[in-house]
Amino acid sequence: MPVAIISATHRPESYTRRVALYLAREIERSGYIYHFVDFQTLPRDFLFSDLFGERSEQFQSIIQTLELCPVWIWVIPEYNGSFPGVAKVFIDALPRETLRGKRAGLVGVSDGRFGNLRGLEHFTGVLNYCGMEVVPFRAHLMHIRVNWDEQNATLTPSYQKELDTFMRHLFIQTPVS
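The sequence shown lines up with residues 1077 to 1253 when you count with the numbering used here.
Listed below in structure tokens is the structure:
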């Protein structure tokens, strides 16, 4: 099963991207195939083209990749008590059927005390409206700067455990009734 890992900020050198790459390594180690969607590589003009029906080849390729993935992991930083505007524009530029029926896991990243708690709640509402199933367990990675080991490109043991728990919840299959 292919998994989409989305680094939901276009900020250079972000901890969001570092955490997303960490998750990519863990996903691969678990035997899953992943596709990495990095907002740093979004087309520069997608706000004015892809949002209004003029599909760029680059954004069309992203859409085709996401259509293949039944599970999406969003790694989302805290911006002003919520999530980045580029994440909302990205969702708005996707055809609605690309999101509908997919399973989403959310990882909040912040240097503050709550690991983007409020932003993930806002984002959950948007994804639910678009027809995505959002896994109730969310990973909240607070004080990220002191919990990231730059030398080894990894997280502290307690955060590794948090993400292991997150992954177990994400990949539990919902029983069919």
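Each residue gets a CB set at the ideal place from its N, CA and C atoms; glycine is no exception.
Checklist entry - Near residue 1251, what residues of its chain come up, given a Cβ to Cβ distance below 6 Å and the 5 sequence neighbours on each side ignored? => result Position 175 of the sequence shown holds residue 1251. Confidence is the limiting factor: at residue 1251 the pLDDT is only 40, short of 50, which leaves the residue's position unreliable and the question unanswerable from this model.
Next on the checklist: Considering only the alpha carbon of each residue, which of 1217, 1216, 1209 and 1234 lies closest to residue 1147?
Outcome noted: Locating residue 1147 in the sequence shown gives position 71, where the first residue counts as 1. For residue 1147, the nearest C-alpha among the options comes from 1209.
Checklist entry - Measuring CA to CA, which of 1094, 1121 and 1177 is closest to residue 1084? => result Reading the sequence shown from its first residue, position 8 is the one you call residue 1084. The shortest Cα separation from residue 1084 among 1094, 1121 and 1177 belongs to 1094.
Checklist entry - Secondary structure at residue 1215, three-state DSSP: helix, strand or coil? => result On the sequence shown, residue 1215 is found 139 positions in, with the first residue counted as 1. Reduced to three states, the DSSP call for residue 1215 is strand.
Checklist entry - Can you tell which of 1122, 1111, 1242 and 1189 has the C-alpha that lies nearest to the C-alpha of residue 1222? => result Counted from its first residue, the sequence shown places residue 1222 at position 146. Out of 1122, 1111, 1242 and 1189, 1189 has the C-alpha closest to the C-alpha of residue 1222.
Item to check | Cβ contact (3+ pairs, closer than 8 Å) linking the segment 1173-1193 and the segment 1201-1208 | outcome: yes
Next on the checklist: If you reduce the DSSP assignment to three classes, tell me which class residue 1248 lands in.
Outcome noted: Along the sequence shown, one-based indexing puts residue 1248 at 172. Residue 1248 falls in the coil class under three-state DSSP.
Checklist entry - Any idea if residue 1248 is buried or exposed, counting beta-carbon neighbours within 10 angstroms, 16 or more meaning buried? => result Locating residue 1248 in the sequence shown gives position 172, where the first residue counts as 1. It is exposed - the Cβ of residue 1248 has fewer than 16 other Cβ atoms within 10 Å.
Checklist entry - residue 1163 bridges to which residues according to DSSP? => result As a working mapping, residue 1163 is identified with position 87 in the sequence shown. According to DSSP, residue 1163 bridges with nothing at all.
Checklist entry - How many whole angstroms separate the CB atoms of residue 1118 and residue 1151, which I take to be in contact at a CB cut-off of 8 Å? => result Reading the sequence shown from its first residue, position 42 is the one you call residue 1118. Reading the sequence shown from its first residue, position 75 is the one you call residue 1151. With a Cβ gap of about 15 Å, residue 1118 and residue 1151 do not count as contacting.
Item to check | Assumed close pair residue 1193, residue 1219 - CB separation to whole angstroms, cut-off 8 Å | outcome: Numbered from its first residue, the sequence shown carries residue 1193 at position 117. Numbered from its first residue, the sequence shown carries residue 1219 at position 143. With a Cβ gap of about 13 Å, residue 1193 and residue 1219 do not count as contacting.
Next on the checklist: Does residue 1144 pass the burial test, meaning 16 or more other C-beta atoms within 10 Å, or should it be called exposed?
Outcome noted: The sequence position of residue 1144 within the sequence shown is 68, counting from 1. By the neighbour-count rule (16 or more Cβ atoms within 10 Å), residue 1144 is not buried but exposed.
Item to check | Reference residue 1187; option with closest CA among 1239, 1091 and 1246 | outcome: In the sequence shown, residue 1187 corresponds to position 111, counting from 1. With distances taken between Cα atoms, residue 1187 lies closest to 1091.
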